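Notes for the one structure printed next.
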Amino acid sequence: MTIRDTITMKPRYFLTILLFVSHSCWCTNREYRGYKGGIWTVMNILVMNCGSSSLKFQLIDAETESVKAKGLCERIGIDGSRIVYRPANKEKVIEEAPMPTHAAAINIALKYLTDEIHGVISDLSEIDAVGHRVAQGAEKFSKAVLIDDAVIKAIDENSELAPLHNPANLTGIQVCRALMPDVPMAAVFDTAFHQTMPQKAYLYGIPFHYYTDYKVRRYGFHGTSHSYVSKRTAQILGKAPEELKTIVCHLGNGSSVCAVKGGKSVDTSMGFTPISGLVMGTRCGDVDPEIIEYIAEKEGITTHDVMDILNRKSGIYGLTDGIVDFRDLRAGAASGDEQCMRALEIFNYHVTTRIGAYAAAMNGVDAIAFTAGIGENAPTIRKAVCENLTYLGIELDDAKNDANEPDSVITTPESKVKVLIVPTNEELMIARETAEVVME
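So in the working numbering, spot 60 of the sequence shown is number 865, and the numbers just go up one at a time.
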């Protein structure tokens, strides 16, 4: 289903009134365009993803869901900052440019989008809406929302739950609002998809007042990816999301598994922060909390120091004395390196056991989808995981698994559980949710 499909599902006469009113309200002093013959035909949505020292952006045509241009601004506030810009049907551009702040990076990104040679639009008036990825929405946001002063205040208040992400996301919002004051903007939250989890899944076994007073609970992340992949899985299988019990394995440098029952998240491996759950590139995953104090005393360091180790120097990096890239890990394991073999076995084991737990949580599973950098591109990992799930009735087709075809089923026709490769598309999901919000 495309963005246009979601919009045109409503009755035509109501749609005509809705689009005319909505569009005219936020196109003051801008050329009226994109509304022909009673239906919406064109809508350029700019998707912004501000990290602590980076900016990812895409300009998406909502009618065709095609990417007009995308780019990455790296090393913001650090020496050697640069932009990598890829316009559709034009040559890629790489430019080193000073980017002391996110504001400078956003200005450079917008300059390229409207550039006479490299640009894909003539000026900023052709941007109809902006969708911003926001890491932590806590319990205040269970879906995407139009950004106003109250939303900005809430995002800021949630920064204590995501100190590395929310402030950067907020900077991107504020800069874009200043540069494009008449353009509607939406916040799409990584945590929103998981707000359907029941209390038995999101509450920890700690004094209850820590939840009521400080909102200490499982929030989960990668929600935009899990939402997109679960819906795309249903589409590939010719089913409605409500008909399926799906387990999505988002496996990358940061990894998480999500149980999706009837189209809704009912459990996920990441918790209060993205450090918990699976063993990841540099994050430890689930550990006994007593380990933190124990290491601090043994090493003569603070608990803050230990947390830094668990976040940045653990996981595959810690198990292999420095490897982070899973391609290097797989190559090392294939060559017989014992550290790499051990680390890979641990990673596969954690993914497998989490899938088993979520099959139990949903009392069954119809489909397992592998996504993200590792999930989409590592046949050996998918095979190793599935080999320990044959009790679920999984029969992997080795040829299909090795082919690595996107949006494909890699199990045999007889397999009771379908296993798929489904490339994630968080930017498209952000664009879809942004379109829905601005059209309400």
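No residue lacks a Cβ here, since even glycine has one placed at the ideal position from N, Cα and C. Keep in mind that this is a model prediction, so the values were computed, not measured.
- [ ] Could you check how far apart the C-beta atoms of S1035 and V1053 are, in whole angstroms? I think they sit under 8 Å.
- [x] That pair is a contact at about 5 Å.
Open item on the list: For P989, which residues in the same chain have their Cβ closer than 7 Å to its Cβ, ignoring the five residues on either side in sequence?
Closed with: Scanning its chain for C-beta atoms nearer than 7 Å, with the 5 sequence neighbours on each side dropped, one finds around P989 the residues W831, A934, L951 and V1243, in chain order.
Task: Through-space distance from I957 to L969, alpha-carbon basis - done: Each residue's alpha carbon lies about 17 Å from the other.
- [ ] For F1152, name the three-state secondary structure that DSSP assigns.
- [x] F1152: helix per DSSP, three-state reduction.
Task: Beta-carbon spacing of A991, T1217 below 7 Å - done: No, these two residues do not count as a Cβ contact at 7 Å.
Open item on the list: Suppose only complete runs of 3+ residues qualify. What are the beta strand (DSSP E) ranges in the stretch 1168–1204, listed by chain order?
Closed with: Here the runs fully enclosed are 1172–1176.
TODO: Would you kindly work out how many angstroms separate the C-alpha atoms of L1201 and L929, rounded to a whole number?
DONE: Going by the C-alpha atoms only, they are around 49 Å apart.
TODO: Could you check which residue in R891, C855 and V1170 has the C-alpha nearest to that of R880?
DONE: Closest option to R880, Cα to Cα, is C855.
Open item on the list: Tell me the rounded alpha-carbon separation between G1120 and I899.
Closed with: Roughly 32 Å between the two C-alpha positions.
Task: Burial state of H1109, where buried means 16 or more other Cβ atoms lie within 10 Å - done: Looking at its Cβ environment, which holds fewer than 16 other Cβ atoms inside 10 Å, H1109 is exposed.
- [ ] Report yes if the C-beta distance between S1070 and H999 is below 7 Å; otherwise report no.
- [x] Using a Cβ distance threshold of 7 Å, S1070 and H999 count as a contacting pair.
Task: L1083, DSSP secondary structure in three states - done: Coil, per DSSP.
- [ ] Closer than 7 Å by C-beta to A908: which residues in its own chain qualify, once you throw out the five before and the five after it? Chain order, please.
- [x] Annotation for A908: V980 place their beta carbon closer than 7 Å to its own, counting only its chain and skipping 5 residues before and after.
- [ ] Work out the CA separation of V1227 and D1171 for me, nearest whole Å.
- [x] Rounded to the nearest angstrom, the two C-alpha atoms are 15 Å apart.
Open item on the list: Classify L1225: buried if its beta carbon has 16 or more other beta carbons within 10 angstroms, exposed otherwise.
Closed with: Label assigned to L1225: buried.
TODO: Provide the residue span of the alpha helix (DSSP H) that contains D961, from first to last.
DONE: For D961, the enclosing alpha helix (DSSP H) starts and ends at D954 to E962.
Open item on the list: Quick check on F946: does DSSP put it in helix, strand or coil?
Closed with: Annotated three-state conformation of F946 is coil, per DSSP.
Open item on the list: On the criterion of 16 or more Cβ atoms from any shown chain inside 10 Å, does N971 qualify as buried, or is it exposed?
Closed with: Residue burial annotation: N971 is buried, with at least 16 other C-beta atoms found within 10 angstroms of its C-beta.
Task: Closest Cα partner of D866 within the set H1031, Q941, R1132 and M848 - done: Nearest to D866 by C-alpha distance, out of H1031, Q941, R1132 and M848, is M848.
Task: Residue closest to H937, alpha-carbon to alpha-carbon, out of Q863, L915, K895 and A1101 - done: The shortest Cα separation from H937 among Q863, L915, K895 and A1101 belongs to Q863.
Open item on the list: DSSP three-state label for N1058, please.
Closed with: Taken through DSSP and simplified to helix, strand or coil, N1058 comes out as coil.
TODO: Kindly indicate which residue of M1112, R1088 and I888 has the alpha-carbon position closest to the one of L918.
DONE: Measuring from the Cα of L918, the nearest candidate turns out to be I888.
- [ ] Check Y1024 in the structure and name its three-state DSSP category.
- [x] Coil at Y1024, not helix or strand.
TODO: For the beta strand (DSSP E) containing P968, list its first residue and its last residue.
DONE: For P968, no beta strand (DSSP E) segment is defined, and its DSSP state is neither H nor E.
Task: Residues near M1234 in its chain [Cβ-Cβ closer than 7 Å; skip 5 each side] - done: Answer for M1234: T1029, S1032 and Y1033, listed in chain order.
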